[in-house]
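Chemist:
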Amino acid sequence: MFRTLSVVAKSATHSVNALWALVRCGLSITRTYFWWKKVYWPFQSLFMQSSYSEFLQSRYLSFIAAYVIPLLGPSPSQFKEPPCSYMGDDHTPIELSWVLSSDGKHTVRFTLEPLSGVDGSPTPSWTWINSLYEFSSIGNVQEFNTDWALTCFETLVFEGNNVPKQISQHSSQFSVGADFTHDGIVGKAYFLPHLRSQATGISQMDLVTSCMNELDLGSQWKVVASYFTEAPHLAATPDIVAIDCVHKSKNRAKIYVRCNASSLDEITEVFTLGQKLNGPLIDQAVKMIKEVWHSLFHGKDDDQRLESNNPDHFASRFVLYFELAPEREIPFPKLYIPVRHYCKNDALVGEALGQLYKQEKYGIRETYLRDIQSAL
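Counting from 1, one number per residue, gives the positions in the sequence shown under my numbering.
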């Protein structure tokens, strides 16, 4: 009990010191306090619930104050135009996530789109790689390397002032993120090829294929691309390419593909690329998908297609993520369920996952839902 109180006291003292440090750096009190309340405090709460050492909590919170908050732009009331970032469905520029572990050592993560501190518009492309280097200089970043990030930038990003006429609902092309592991920070970079595709007339699938060939991952990606090429009814689009900022020998490329699959049967078929991906890990993942699906969409038949609450929104389709890595023969898939577009509200999602995690095999504590609520 006293140890917990000690952590709270130290974190609270650090919060005040870091808050005023940002104000002294020139950020307005309105902007600083807004992002402090919406971002810094939730991070602090998640760190405290994830068994991070006091040293790492302090180190990571300093990183968030020094690097993350200055990249979020003004508070929404100060934006020149309404925020239009792709990061969240409400267009705010940052997304936090929490990877749960049965040993209680959870991992806190984030992804953000760097925004102008003047008017909240996306920062120009020439600043993005520099922002990655700044990232590495501030935090305890593991084995930082931008080789793959530079390749993705050169093959996927549209540069220039003449942005093509918008067909999509946003103009975002880049975001940066990190995993706050219990050993250090792992930097990440995300690239969206939609504007380059519009400007050049080259499909996003072909742009991503060229990028994967440059990264020597072409044979793995061909397994994915061939499947979707042979299934045009899925209208698959590789929306995002993500990489870790580490040496290529330890790196991964993650391609996020949106498609028209929306029933459990369709999702599991795409997840396995028509049974091309198989084995114990795939079988285990499919089993978990079914459990989560039945918890979230209780009473729906496995072949019943779900209808989105926001069918015209660019993020309303399901996302399959395929991870490629050196020395690997085939990709490994993951599924992202856009719950905001298919579930009634956050409370129902939290309750469904809370009930699922109560099962002994997951080893997640029963306070999951309460922990999430306390962090918000």
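The beta carbon of each residue, even a glycine, is placed where N, CA and C say it ideally should be.
From a predicted model like this one, the values you see are computed outputs, not experimental measurements.
Given a threshold of 16 other Cβ atoms within 10 Å of its Cβ, counted over all protein chains shown, does E327 qualify as buried or as exposed?
Modeler: On the sequence shown, residue 327 is found 327 positions in, with the first residue counted as 1. Exposed.
Chemist: For A189, name the three-state secondary structure that DSSP assigns.
Modeler: On the sequence shown, position 189 is the one that residue 189 refers to. Of the three classes helix, strand and coil, the one that applies to A189 here is strand, per DSSP.
Chemist: Less than 8 Å between C-beta atoms, sequence neighbours within five positions excluded: which residues of the same chain meet that for E143?
Modeler: Numbered from its first residue, the sequence shown carries residue 143 at position 143. V246, H247 and K250.
Chemist: Alpha carbon to alpha carbon, how far is D119 from G160? Give it in angstroms, no decimals.
Modeler: In the sequence shown, the residue the question calls residue 160 occupies position 160. In the sequence shown, the residue the question calls residue 119 occupies position 119. Going from the Cα of G160 to the Cα of D119 covers about 19 Å.
Chemist: F135 and L96 - do their beta-carbons sit closer together than 9 Å?
Modeler: One-based indexing of the sequence shown puts residue 96 at position 96. One-based indexing of the sequence shown puts residue 135 at position 135. Taking C-beta atoms as the reference points, L96 and F135 fail to come closer than 9 Å.
Chemist: On a CA-only basis, which of A149, E54, C343 and H170 is nearest T381? Give me that one, please.
Modeler: Outside the displayed range of the chain (1 to 376) lies residue 381, so it cannot be described from this structure.
Chemist: Which same chain residues, not among the five before or five after G26, have their C-beta less than 7 Å away from its C-beta?
Modeler: The residue labelled residue 26 in the question sits at position 26 within the sequence shown. Note that G26 scores 48 on pLDDT, short of 50, meaning its location in the model is unreliable and no value can be drawn from it.
Chemist: Give the secondary structure of K290 by DSSP, where H, G and I count as helix, E and B as strand, and everything else as coil.
Modeler: Start at 1 with the first residue of the sequence shown, and residue 290 comes out as number 290. Note: K290 maps to helix in three-state DSSP.
Chemist: Excluding the 5 residues preceding and the 5 following H182 in the sequence, name in chain order all residues of the same chain whose CB lies nearer than 6 Å to its CB.
Modeler: Residue numbering aside, residue 182 sits at position 182 when the sequence shown is read from its first letter. Excluding residues within five positions, the ones whose Cβ falls inside 6 Å are K105.
Chemist: Judging by CA-CA distance, which residue of C259, L215 and I267 is the nearest neighbour of T155?
Modeler: Reading the sequence shown from its first residue, position 155 is the one you call residue 155. Here the closest residue by C-alpha is L215.
Chemist: Pick out the complete alpha helix (DSSP H) segments inside the stretch 108–151, 4 residues or longer, and give them in chain order.
Modeler: 128–138
Chemist: For L100, which beta-bridge partners are listed by DSSP?
Modeler: As a first step, residue 100 must be located in the sequence shown, where it is residue number 100. Beta-bridge analysis with DSSP links L100 to no other residue.
Chemist: Does DSSP put D371 in a helix, a strand or coil?
Modeler: For this step, residue 371 is matched to residue 371 along the sequence shown. In this structure, D371 counts as helix in the three-state DSSP scheme.
Chemist: Between which two residues does the alpha helix (DSSP H) carrying T229 extend?
Modeler: As a first step, residue 229 must be located in the sequence shown, where it is residue number 229. First-last of the alpha helix (DSSP H) with T229: G218 to T229.
Chemist: For S316, which residues in the same chain have their Cβ closer than 7 Å to its Cβ, ignoring the five residues on either side in sequence?
Modeler: Looking up residue 316 in the sequence shown gives position 316. Cβ within range, chain order: S308, N310, P338 and H341.
Chemist: What span of residues does the alpha helix (DSSP H) with F174 cover, start to end?
Modeler: If you number the sequence shown from 1, residue 174 lands on position 174. If you look at F174, you'll find it isn't in any alpha helix (DSSP H); it sits in the beta strand (DSSP E) that goes F174 to F180.
Chemist: CA-CA distance, H313 and I69?
Modeler: For this step, residue 313 is matched to residue 313 along the sequence shown. For this step, residue 69 is matched to residue 69 along the sequence shown. Near 28 Å, if we compare the C-alpha coordinates of I69 and H313.
Chemist: Which of helix, strand or coil does DSSP assign to R196?
Modeler: Here the question's residue 196 lines up with position 196 in the sequence shown. Here R196 sits in helix by DSSP.
Chemist: Could you check whether L335 and L320 sit closer than 9 Å to each other, using their CB atoms as the reference points?
Modeler: The count along the sequence shown starts at 1 and reaches residue 320 at position 320. The count along the sequence shown starts at 1 and reaches residue 335 at position 335. Taking 9 Å as the Cβ cut-off, L320 and L335 qualify as a contacting pair.
Chemist: Roughly how many angstroms lie between the CA atoms of S62 and L56, to the nearest whole one?
Modeler: The residue given as residue 62 occupies position 62 in the sequence shown. The residue given as residue 56 occupies position 56 in the sequence shown. If you take the alpha carbons of S62 and L56, they lie about 10 Å apart.
Chemist: Helix, strand or coil for I337? Go by DSSP, reduced to three states.
Modeler: Here residue 337 refers to the residue found at position 337 when the sequence shown is read from its first residue. Correct three-state label for I337: coil.
Chemist: For Q359, collect the residues of the same chain with a Cβ closer than 7 Å to its Cβ; drop the 5 residues on either side in sequence, then sort them by chain order.
Modeler: Residue numbering aside, residue 359 sits at position 359 when the sequence shown is read from its first letter. If we look at Q359 and ignore the five residues flanking it on each side, it has no Cβ neighbours.
Chemist: Quick test of your reading: R109 and A178, contact by CB under 8 Å. State the CB separation rounded to the nearest angstrom.
Modeler: Counted from its first residue, the sequence shown places residue 109 at position 109. Counted from its first residue, the sequence shown places residue 178 at position 178. Contact between R109 and A178 is confirmed by a C-beta separation of about 7 Å, below the 8 Å threshold.
Chemist: With a 10 Å radius around its C-beta and 16 neighbouring C-beta atoms as the bar for buried, classify V23 as buried or exposed.
Modeler: Position 23 of the sequence shown, counted from the first residue, corresponds to residue 23. Here V23 scores only 44 on pLDDT, less than 50, and its place in the model should not be relied on; the value that follows carries that caveat. Answer is exposed; the Cβ neighbour count stays below 16.
Chemist: Helix, strand or coil: which one does DSSP assign to L320?
Modeler: Translated into the one-based positions of the sequence shown, residue 320 becomes position 320. Three-state result, L320: strand.
Chemist: Is W126 buried or exposed, if buried means 16 or more other CB atoms sit within 10 Å of its CB?
Modeler: On the sequence shown, residue 126 is found 126 positions in, with the first residue counted as 1. Result: exposed.
Chemist: In whole angstroms, what separates the C-alpha of T229 from that of F297?
Modeler: Counting from 1 along the sequence shown, the entry for residue 229 is found at position 229. Counting from 1 along the sequence shown, the entry for residue 297 is found at position 297. Roughly 30 Å between the two C-alpha positions.
Chemist: Which of the three DSSP states, helix, strand or coil, is assigned to R389?
Modeler: Residue numbering for the chain in the displayed model covers 1 to 376; residue 389 lies beyond these limits and cannot be assessed.
Chemist: My output table needs one value for E159: the three-state DSSP class, helix, strand or coil.
Modeler: Taking the sequence shown and counting its residues from 1, the one referred to as residue 159 is at position 159. The answer is coil: DSSP assigns E159 none of H, G, I, E or B.
Chemist: Under 7 Å Cβ to Cβ from L150, same chain only, skipping five residues before and after it: list those, please.
Modeler: Sequence index remark: in the sequence shown, residue 150 carries index 150 (1-based). If we look at L150 and ignore the five residues flanking it on each side, its Cβ neighbours are I129.
Chemist: Can you tell me where the alpha helix (DSSP H) holding T268 begins and where it ends?
Modeler: Stepping through the sequence shown from its first residue, residue 268 is reached at position 268. That run of the alpha helix (DSSP H) goes L264 to F271.
Chemist: What would DSSP say about V241, mapped onto helix, strand or coil?
Modeler: One-based indexing of the sequence shown puts residue 241 at position 241. If DSSP states are grouped into helix, strand and coil, V241 belongs with the strands.
Chemist: Going by the CB atoms, is the gap between V241 and L195 shorter than 9 Å?
Modeler: For the purposes of this step, residue 195 is identified with residue 195 of the sequence shown, where counting begins at 1. For the purposes of this step, residue 241 is identified with residue 241 of the sequence shown, where counting begins at 1. No, Cβ-Cβ distance for L195 and V241 is not below 9 Å.
Chemist: My understanding is that S175 touches L112, with C-beta atoms under 8 Å, so please give their C-beta distance in whole angstroms.
Modeler: Taking the sequence shown and counting its residues from 1, the one referred to as residue 175 is at position 175. Taking the sequence shown and counting its residues from 1, the one referred to as residue 112 is at position 112. About 6 Å; that satisfies the 8 Å criterion.
Chemist: Can you tell me which of the three DSSP states I94 falls into?
Modeler: Within the sequence shown, the letter at position 94 stands for residue 94. Three-state DSSP puts I94 in a strand.
Chemist: Please work out which residues of its chain come closer than 6 Å, Cβ to Cβ, to D322, disregarding the five sequence neighbours upstream and downstream, and give them in chain order.
Modeler: For this step, residue 322 is matched to residue 322 along the sequence shown. Note on identity: in this sequence residue 322 is Phe, with Asp being the wrong assignment. Result list for F322: V224, I255, P331 and P333, in chain order.
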